[in-house]
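Student: Quick note: the numbering used here has the sequence shown finishing at residue 550, numbered continuously throughout. Here it is: the structure, laid out below.
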Amino acid sequence: MDFEIHTCERPVSDEERGAVLAAPGFGRTFTDHMVTVRWDEGLGWYDGRLEPYGPISLDPSASVFHYGQECFEGMKAYRQDGGGIALFRPEVNAARFNRSAARLAMPGIPEQTFLRALEILVAQDSDWVPDGAGNSLYLRPLMIATQHELGFTLPSRSYLFVVFASPATAYFGAEGVRPLTVWLSEEYTRAAPGGTGAAKVGGNYAAAFAAQRQGVTEGCDQVVWLDAAEHTWVEEMGGMNVFFVLDEGDGSRPRIVTPPLTDTLLPGVTRDSLLQLAPKLGLDAEERPMSVPQWQQLCAAGKMTEAFACGTAAVIAPIGKVKGAGGKAWTIGDGEPGPVTMRLREELLGIQYGQLPDPSAWVHKVC
Ligand code: COI
Numbered sequence: 184m185d186f187e188i189h190t191c192e193r194p195v196s197d198e199e200r201g202a203v204l205a206a207p208g209f210g211r212t213f214t215d216h217m218v219t220v221r222w223d224e225g226l227g228w229y230d231g232r233l234e235p236y237g238p239i240s241l242d243p244s245a246s247v248f249h250y251g252q253e254c255f256e257g258m259k260a261y262r263q264d265g266g267g268i269a270l271f272r273p274e275v276n277a278a279r280f281n282r283s284a285a286r287l288a289m290p291g292i293p294e295q296t297f298l299r300a301l302e303i304l305v306a307q308d309s310d311w312v313p314d315g316a317g318n319s320l321y322l323r324p325l326m327i328a329t330q331h332e333l334g335f336t337l338p339s340r341s342y343l344f345v346v347f348a349s350p351a352t353a354y355f356g357a358e359g360v361r362p363l364t365v366w367l368s369e370e371y372t373r374a375a376p377g378g379t380g381a382a383k384v385g386g387n388y389a390a391a392f393a394a395q396r397q398g399v400t401e402g403c404d405q406v407v408w409l410d411a412a413e414h415t416w417v418e419e420m421g422g423m424n425v426f427f428v429l430d431e432g433d434g435s436r437p438r439i440v441t442p443p444l445t446d447t448l449l450p451g452v453t454r455d456s457l458l459q460l461a462p463k464l465g466l467d468a469e470e471r472p473m474s475v476p477q478w479q480q481l482c483a484a485g486k487m488t489e490a491f492a493c494g495t496a497a498v499i500a501p502i503g504k505v506k507g508a509g510g511k512a513w514t515i516g517d518g519e520p521g522p523v524t525m526r527l528r529e530e531l532l533g534i535q536y537g538q539l540p541d542p543s544a545w546v547h548k549v550c
């Protein structure tokens with residue numbers, strides 16, 4: 184698809200942009216442009232454009248407001264050590280976006296159109312990509328249903344795809360890596376078999392806020408979701424996957440363990456990258472279920488030395504403490520960021536910023 188280019192006449196000043204880039208935070212400021220592409224049952228994808236960032240006008244009857252047909256992605260553009268800007272495994276996000284869309288009976292977007300939309304936005308707004316450790320340009324592709332109709336017979340017959348961008352620092356604060364405290368959500372459920380848990384759709388996050396608020400009230404950073412049937416098996420966290428580091432203390436290699444993919448948890452790009460990187464760093468990697476009692480017992484026995492959250496926004500964030508209803512609480516290892524977590528983080532960030540070799544060709548140069 185050819186995109187029409189309509190750039191801003193007066194983008195923000197260098198001073199204003201400089202002030203944002205000095206301390207970007209997460210998801211608070213947006214760049215000068217966005218990309219939009221429309222889909223209509225009769226036309227397929229059409230009207231691709233790069234245009235000034237701004238409000239989208241929609242009828243109150245648009246399907247997305249009522250039946251929640253919306254899916255999205257989270258990605259980052261990184262300023263490269265050797266110059267230029269690159270994305271990280273964007274084709275994996277494109278594939279997941281289309282799986283999310285299919286789950287909500289929305290049309291898939293060709294991978295080339297998805298990638299091109301990201302590329303033209305990043306190239307146009309390249310001045311907005313911050314430098315500095317852990318900083319990046321966060322990209323948010325999304326699709327919404329725009330059909331003006333309240334009937335609930337068939338999915339919407341028109342959609343809008345949008346990509347916009349936001350300069351970002353580390354999700355869990357600019358102050359560096361700090362251990363998270365997490366809340367076991369035993370009251371609420373994120374996903375059940377046959378549902379939308381494996382899709383990155385707004386509805387999953389809407390339903391998660393009540394638990395997330397409960398966790399924050401309990402002094403925690405993030406929720407840990409458990410399985411819907413037994414409320415025992417760990418699935419994922421609020422907006423990220425979870426890993427455990429096991430060290431049997433018998434001289435065998437440390438092992439990173441994460442719950443296996445089912446239709447109730449999101450297949451994270453960072454999760455997949457770490458499973459592939461671990462053996463290259465002398466770590467065993469395993470996808471296996473972990474129950475809450477096992478988690479607690481392994482920590483008590485000193486066999487689980489670390490745990491961490493991972494995701495595009497979160498990167499890799501160590502987990503220091505677990506809390507749950509009825510005063511349940513325990514510490515993981517010594518409660519501080521551990522060596523395996525930090526080694527994986529260093530390797531992943533090194534590849535993403537072009538500081539380390541990229542043998543799997545994960546880095547996708549944009550400009
Ligand atoms: C991401 O990591 O990109 C996400 O979409 C998670 C969100 C909670 C910020």
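The beta carbon of each residue, even a glycine, is placed where N, CA and C say it ideally should be.
1) Tell me the residue span of the alpha helix (DSSP H) that contains Glu198.
2) The ligand COI and Ala348: does the residue's C-beta get closer than 7 Å to at least one heavy atom of that ligand?
3) Please list, in chain order, all residues of the same chain as Ser543 whose beta carbon is under 8 Å from its beta carbon, the five residues on each side excluded.
4) Go through the residues and name those whose CB comes closer than 5 Å to any heavy atom of the ligand COI, in chain order.
5) Would you report the Cα separation of Thr379 and Ser196, rounded to the nearest angstrom?
6) Identify which residue in Thr329, Pro472, Ser349 has its Cα closest to the Cα of Leu343.
7) Figure out for me which residue from Glu234, His249, Glu529 has the closest Cα to the Cα of Leu241.
8) From the DSSP output, in three-state form, read off Gly432 for me.
9) Could you pull the DSSP bridge partners for Glu187 from this structure?
10) Would you say Arg323 and Val346 are within 8 Å of each other, going by their C-beta atoms?
11) Measure how close the beta-carbons of Thr352 and Gly208 come, nearest whole angstrom, since I'm counting them as under 8 Å.
12) When you compare the region 514-530 with the region 495-506, are there three or more beta-carbon pairs, one atom per stretch, that lie closer than 8 Å?
13) Between the region 518-531 and the region 248-263, do three or more beta carbon pairs fall short of 8 Å?
14) Please classify Glu469 as buried or exposed, where buried requires at least 16 other C-beta atoms within 10 Å of its C-beta.
15) So Cys254 packs on Met326, CB below 8 Å; how close in whole Å?
16) What is the DSSP secondary structure of Leu532, counted as helix, strand or coil?
17) Specify the secondary structure class of His249 as computed by DSSP and reduced to three states.
18) Does the separation of the CB atoms of Gln397 and Gly421 fall below 8 Å?
19) Quick one: complete beta strand (DSSP E) runs, 3+ long, within the region 463-530?
20) Is Arg340 helix, strand or coil by DSSP?
21) Considering Cα atoms alone, identify which of Phe355, Glu274, Pro194, Tyr354 is closest to Pro235.
22) Would Tyr321 and Lys259 qualify as a contact pair, given that the criterion is a beta-carbon distance under 8 Å?
23) Could you please give me the residues that DSSP links to Gly227 through a beta bridge?
Tutor: Result, derived from the coordinates:
1) Locating residue 198 in the sequence shown gives position 15, counting from the first residue. Residues 197-205.
2) As a working mapping, residue 348 is identified with position 165 in the sequence shown. No, the Cβ of Ala348 stays beyond 7 Å of every heavy atom of the ligand COI.
3) Within the sequence shown, residue 543 is the residue found at index 360, counting from 1. The answer, listed in chain order, is Gln459.
4) Gly257, Gly422, Gly494, Thr495, Ala496
5) If you number the sequence shown from 1, residue 379 lands on position 196. If you number the sequence shown from 1, residue 196 lands on position 13. Each residue's Cα considered, the two are about 42 Å apart.
6) Taking the sequence shown and counting its residues from 1, the one referred to as residue 343 is at position 160. When only C-alpha atoms are compared, the closest one is Thr329.
7) Locating residue 241 in the sequence shown gives position 58, counting from the first residue. Nearest C-alpha to Leu241: His249.
8) Stepping through the sequence shown from its first residue, residue 432 is reached at position 249. Three-state DSSP puts Gly432 in coil, outside helix and strand.
9) Residue 187 sits at position 4 when you count from the first residue of the sequence shown. Glu187 is bridged to Arg232.
10) Locating residue 323 in the sequence shown gives position 140, counting from the first residue. Locating residue 346 in the sequence shown gives position 163, counting from the first residue. Yes, the Cβ-Cβ distance between Arg323 and Val346 is below 8 Å.
11) In the sequence shown, counting from the first residue as 1, residue 352 sits at position 169. In the sequence shown, counting from the first residue as 1, residue 208 sits at position 25. Right, the Cβ-Cβ distance comes to about 6 Å (below 8 Å), so this counts as a contact.
12) yes
13) no
14) In the sequence shown, counting from the first residue as 1, residue 469 sits at position 286. With fewer than 16 other Cβ atoms within 10 Å, it is exposed.
15) One-based indexing of the sequence shown puts residue 254 at position 71. One-based indexing of the sequence shown puts residue 326 at position 143. So it is a contact: roughly 6 Å between Cβ atoms.
16) Within the sequence shown, residue 532 is the residue found at index 349, counting from 1. Note: Leu532 maps to helix in three-state DSSP.
17) The residue you call residue 249 lines up with position 66 of the sequence shown. Helix, per DSSP.
18) Residue numbering aside, residue 397 sits at position 214 when the sequence shown is read from its first letter. Residue numbering aside, residue 421 sits at position 238 when the sequence shown is read from its first letter. Cβ atoms of Gln397 and Gly421: not closer than 8 Å.
19) 467-470, 487-494, 498-507, 511-514
20) As a working note, residue 340 is residue 157 in the sequence shown. Three-state result, Arg340: coil.
21) Residue mapping note: residue 235 aligns to position 52 of the sequence shown, counting from 1. For the residues Phe355, Glu274, Pro194, Tyr354, the minimum Cα distance to Pro235 belongs to Pro194.
22) Numbered from 1 along the sequence shown, position 138 holds the residue referred to as residue 321. Numbered from 1 along the sequence shown, position 76 holds the residue referred to as residue 259. Closer than 8 Å, so yes.
23) In the sequence shown, residue 227 corresponds to position 44, counting from 1. BP columns for Gly227 point to Asp223.
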